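Colleague: Using this note's numbering, read the sequence shown as starting at 88 and increasing by one per residue.
Dropping the structure in here first, questions after.
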Amino acid sequence: MREKISQIKFKDTDHMINDELDLHGYFCVKPFRHFEINQIGDVNVCCPSYLPYRIGNILEQSIEEVWNGPKAIAVRESILDGTYSYCHKKLCPFIQQGLTKSKEYIFKDELLNSNGEKALLYNDSIMELPQHIVLSHETSCNLWCPSCRTEKILYTKGPLYDKAKIINDKIIDAFLTKPTDRHFAINPLGDGDPFASKLTRNMLYNIEGNKFPNLKIFLGTNGLMFTEKAWNKMHKIHHNLSRCDISIDAGTKETYEQKTRLGGNWELLFKNLDFLNSMSANHRNFIVAYRYVVQTVNYKEMPMFAKLILDRYSNVHQIFFTLVNDWGTWNKEEYESRCMWKTTHPEYEQFLDVLKDPIFDNPKIFLGNISKYRNEAQRHI
88 MREKISQIKF KDTDHMINDE LDLHGYFCVK PFRHFEINQI GDVNVCCPSY
138 LPYRIGNILE QSIEEVWNGP KAIAVRESIL DGTYSYCHKK LCPFIQQGLT
188 KSKEYIFKDE LLNSNGEKAL LYNDSIMELP QHIVLSHETS CNLWCPSCRT
238 EKILYTKGPL YDKAKIINDK IIDAFLTKPT DRHFAINPLG DGDPFASKLT
288 RNMLYNIEGN KFPNLKIFLG TNGLMFTEKA WNKMHKIHHN LSRCDISIDA
338 GTKETYEQKT RLGGNWELLF KNLDFLNSMS ANHRNFIVAY RYVVQTVNYK
388 EMPMFAKLIL DRYSNVHQIF FTLVNDWGTW NKEEYESRCM WKTTHPEYEQ
438 FLDVLKDPIF DNPKIFLGNI SKYRNEAQRH I
């Protein structure tokens, strides 16, 4: 029996123009492969902001029990029956950009089971081990961005570090100890920066990539500590590195260093980005994308940022814009002031004016949950 949806806490989307779309007949692969662990061991089968429903806890259950437990099956069945009842449909960028795949399109080529076969028929909710493991088990970061935290957080010892290490060790034991040719991916660190985290750095530097030929590693980072030295220390997994998403959230040095990326260094950032761009050019399977969380203090720089990246890096894979979310670091009044995407915000019309820029027609730009706003802006050109 499915949990009542009223018990699931969705993020605030009051005065948002995005629609509750009818998704019957469309398929989302996330709950069939995604396994995201937070600081207390709870697990989600998607980003918790977009699917805020915990399916179990790996400190209390085995990974297999969590992955194929009744809560996980209930979420998958909600995808298969088209209700998407656990999903925050108005906020999810992939739903709002437009799910285009029917139920018959279940797996892309990289989403295969350990035998290289399609792992699931769409009327079957039981899965083998998850294929995309996201470690959000600690929040260490070299920056203190206001949208995410109120102070710098670095765990090197103490109770929180010890709990994170237990989770980290359990994941290593389950997925990175016994050699396998299974197709799977790991994304460290979902709630911080992987190069600022002592645990995650050690893991990245010590994975024996040749023992896991079909392992893909996805990195999400602010880029400041992803230096040439760090790249060289990961030499054992160079062929496993698949994608790196760099979060920047500004189109100018002033906004970057003083408003969105406190503790950041604009010049060092682009020195590192230039290096990573060259590595992407030299390593065919390694792609670099850029992320930009849009809020009142930076929305006017969206076209400037897009142009900066597109002009500087011809092989950029994607520029991903998404609306600021409420992570609990601001009070309600401050959060509301950041949400120029709400129709009641005094800068709402200015936000639409920014979205009229033709640069957003570039196919490398992904607007996700901003797509409806872009469409609205174009109606008034």
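In this text, a Cβ means the ideal position worked out from N, Cα and C, and glycines have one as well.
Owing to the predicted nature of the structure, the values given are computational and were not obtained by experimental measurement.
Measure the alpha-carbon distance for Cys133 versus Lys117 and round it to whole angstroms.
Modeller: C-alpha separation (whole angstroms): 6 Å.
Colleague: Between the C-alpha atoms of Pro450 and Glu147, what's the straight-line distance to the nearest angstrom?
Modeller: Spanning the two alpha carbons is a distance of roughly 44 Å.
Colleague: The beta strand (DSSP E) that contains Lys303, what's its start and end?
Modeller: Its beta strand (DSSP E) spans residues Leu302 to Thr308.
Colleague: State whether the stretch 223-238 contacts the stretch 293-302, with contact taken as three or more CB pairs (one from each stretch) at a distance under 8 Å.
Modeller: The stretch 223-238 is not in contact with the stretch 293-302.
Colleague: Specify, as a first and last residue, the run of the beta strand (DSSP E) that Tyr292 falls within.
Modeller: Note, Tyr292: premise wrong, no beta strand (DSSP E); alpha helix (DSSP H) at Lys285 to Asn293.
Colleague: Can you look up Gly203 in the DSSP assignment and give me helix, strand or coil?
Modeller: Low local confidence applies: a pLDDT of 41 at Gly203 is under 50, so the model's placement there is unreliable, with the coordinate-based value given in what follows. Gly203 falls in the coil class under three-state DSSP.
Colleague: Does the beta-carbon of Lys265 have 16 or more other beta-carbons within 10 angstroms, so that it is buried, or is it exposed?
Modeller: It is exposed - the Cβ of Lys265 has fewer than 16 other Cβ atoms within 10 Å.
Colleague: So what does DSSP say about Ser539, is it helix, strand or coil?
Modeller: Given that the chain is displayed from residue 88 to residue 468, the structure contains no residue 539 and the question cannot be resolved.
Colleague: Kindly indicate which three-state DSSP category Glu388 falls into: helix, strand or coil?
Modeller: Note: Glu388 maps to helix in three-state DSSP.
Colleague: Might you give, ordered along the chain, the residues of its own chain that have their beta carbon closer than 6 Å to the beta carbon of Cys179, omitting 5 neighbours on each side?
Modeller: Around Cys179: Tyr137.
Colleague: Between the alpha carbons of Lys244 and Glu152, how many angstroms are there, rounded?
Modeller: The straight-line gap from Cα to Cα measures roughly 30 Å.
Colleague: What residue range does the beta strand (DSSP E) around Ala272 cover?
Modeller: Phe271 to Pro275 is the extent of the beta strand (DSSP E) around Ala272.
Colleague: How is Asn210 classed by DSSP in three states: helix, strand or coil?
Modeller: Bear in mind that the predicted position of Asn210 carries a pLDDT of just 41, short of 50, making it too unreliable to give a figure here.
Colleague: I need the DSSP call for Gln405, collapsed to helix, strand or coil.
Modeller: Note: Gln405 maps to strand in three-state DSSP.
Colleague: Whole angstroms is fine: what's the gap from Ser74's alpha carbon to Thr383's?
Modeller: Limits of the chain in this structure are 88 at one end and 468 at the other, which puts residue 74 out of reach.
Colleague: Would DSSP call Tyr377 helix, strand or coil?
Modeller: In the structure shown, Tyr377 sits in a strand (DSSP, three-state: E or B).
Colleague: For Asp448, count neighbouring C-beta atoms within 10 Å of its own C-beta (all shown protein chains included) and say buried if the count is 16 or more, exposed if not.
Modeller: The residue is exposed, with fewer than 16 neighbouring Cβ atoms inside 10 Å.
Colleague: Excluding sequence positions up to five away, which residues of its chain have a Cβ less than 7 Å from the Cβ of Asp196?
Modeller: Reliability fails at Asp196, whose pLDDT of 40 lies under 50, so the model's placement of it is uncertain and the value that follows must be treated cautiously. There are no such residues.
Colleague: Rounded to the nearest angstrom, how far is the Cβ of Ile145 from that of Ile127, given a contact under 8 Å?
Modeller: About 10 Å separates the two Cβ atoms, so there is no contact after all.
Colleague: Got a sec? Which residues, its chain only, sit under 8 Å from Lys459 by beta carbon, not counting five neighbours each side?
Modeller: Closer than 8 Å at the Cβ level, and outside the excluded window around Lys459, lie Ile104, Asn105, Asp106 and Gln183.
Colleague: Assess contact between the stretch 217-226 and the stretch 270-278, defined as three or more Cβ pairs (one per stretch) separated by less than 8 Å. Is contact present?
Modeller: As far as the Cβ criterion goes, the stretch 217-226 touches the stretch 270-278, which means the pair count is three or higher.
Colleague: Alpha carbon to alpha carbon, how far is Met391 from Leu442? Give it in angstroms, no decimals.
Modeller: Going from the Cα of Leu442 to the Cα of Met391 covers about 12 Å.
Colleague: Are there three or more Cβ pairs, one per stretch, closer than 8 Å when the stretch 301-310 is compared with the stretch 278-288?
Modeller: In short, these stretches touch, since the Cβ pair count reaches three.
Colleague: Does DSSP put Val411 in a helix, a strand or coil?
Modeller: Coil.
Colleague: Ordered along the chain, which non-local residues of its own chain (more than five positions away) have a Cβ less than 7 Å from that of Leu108?
Modeller: Answer for Leu108: Lys176 and Ile182, listed in chain order.
Colleague: Between Ile324, Cys331, Asn364 and Arg378, which lies nearest to Asn402 when the distance is taken from Cα to Cα?
Modeller: Selected option, being the one with the closest Cα: Asn364.
Colleague: Quick check on this structure: which residue in Tyr379, Asn418, Phe357 and Ile374 has the alpha carbon closest to the alpha carbon of Arg399?
Modeller: Ranking Tyr379, Asn418, Phe357 and Ile374 by Cα distance to Arg399 puts Phe357 first.
Colleague: Should Val381 be listed as close to the ligand ZN, given that the test is whether its C-beta is under 7 Å from any heavy atom?
Modeller: The model depicted lacks the ligand ZN and carries no ligand whatsoever.
Colleague: Once the 5 residues before and after His121 are set aside, which same chain residues still bring their CB inside 6 Å of it?
Modeller: Val132, Cys133 and His219, listed in sequence order.
Colleague: To the nearest whole angstrom, what separates the beta carbons of Ile335 and Tyr379, a pair I think is in contact under 8 Å?
Modeller: Yes, Ile335 and Tyr379 are in contact; Cβ-Cβ is about 6 Å, under 8 Å.
Colleague: Do the CB positions of Leu286 and Met321 come within less than 8 Å of each other?
Modeller: It is not a contact, given that the beta carbons lie outside the stated cut-off.
Colleague: Please confirm whether Leu302 and Asn327 have their CB atoms less than 8 Å apart.
Modeller: Result yes, Cβ atoms of Leu302 and Asn327 sit closer than 8 Å.
Colleague: Less than 7 Å between C-beta atoms, sequence neighbours within five positions excluded: which residues of the same chain meet that for Val411?
Modeller: Answer for Val411: Ser234, Val380, Val381, Gln382, Arg425 and Cys426, listed in chain order.
Colleague: What is the DSSP secondary structure of Arg371, reduced to helix, strand or coil?
Modeller: Residue state, collapsed to three classes: coil.
Colleague: For Gly310 and Leu360, which I take to be in contact (beta-carbon distance under 8 Å), what is that distance rounded to the nearest angstrom?
Modeller: Their Cβ separation, rounded to whole angstroms, is 6 Å, which keeps Gly310 and Leu360 in contact under 8 Å.
Colleague: Shortest alpha-carbon distance to Tyr435 belongs to which of Phe271, Lys316 and Glu463?
Modeller: Measuring from the Cα of Tyr435, the nearest candidate turns out to be Glu463.
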